[in-house]
Amino acid sequence: MAPDEEAARRLLGDAILIALEELDDREKDVVRMRFGLDGGQPRTLEEVGRHFGVTRERVRQIEARTMAKLRHPHRSQKLRDYLDED
1 MAPDEEAARR LLGDAILIAL EELDDREKDV VRMRFGLDGG QPRTLEEVGR
51 HFGVTRERVR QIEARTMAKL RHPHRSQKLR DYLDED
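Counting in this note's numbering, the sequence shown runs from 1 upward without gaps.
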């Protein structure tokens, strides 16, 4: 990976972490696990559900609510700024 690509990837990662800080702990953990942001592979609804002791449907609901929060203009502005630079 070229140095500029690595720097851009790091900046995007930082922007994602900042956006996640707006969430409560469970929401953060669900997003990290579902999308592999915890350094591992993305996990299925079933796997995340087992981790939290809830159904996969409940995980889906938490994920949907969390993604709606992250899409809110106030919370997503830093990510939008990054994506608009391309």
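Cβ coordinates follow ideal geometry from the N, Cα and C atoms, glycine included.
Leaving aside the five residues before and after residue i along the sequence, list all residues of the same chain whose C-beta is less than 8 Å from its C-beta, in chain order.
{"i": "residue 69", "result": "22, 23, 27, 75"}
{"i": "residue 4", "result": "none"}
Is it buried or exposed for residue i, if we count other Cβ within 10 angstroms and need 16 for buried?
{"i": "residue 39", "result": "exposed"}
{"i": "residue 62", "result": "buried"}
Since I believe residue j is in contact with residue i (beta carbons under 8 Å), could you give me their beta-carbon distance rounded to a whole number of angstroms?
{"i": "residue 60", "j": "residue 45", "result": "6 Å"}
Apart from the five residues just before and just after residue i, which ones in its own chain have a Cβ nearer than 6 Å to its Cβ?
{"i": "residue 55", "result": "49"}
Closest by CA to residue i, which one among the options?
{"i": "residue 51", "options": "66, 32, 65, 67", "result": "32"}
{"i": "residue 73", "options": "19, 41, 57, 5", "result": "19"}
Near residue i, what residues of its chain come up, given a Cβ to Cβ distance below 7 Å and the 5 sequence neighbours on each side ignored?
{"i": "residue 30", "result": "48, 59, 62, 63, 66"}
{"i": "residue 34", "result": "42, 43, 48, 63"}
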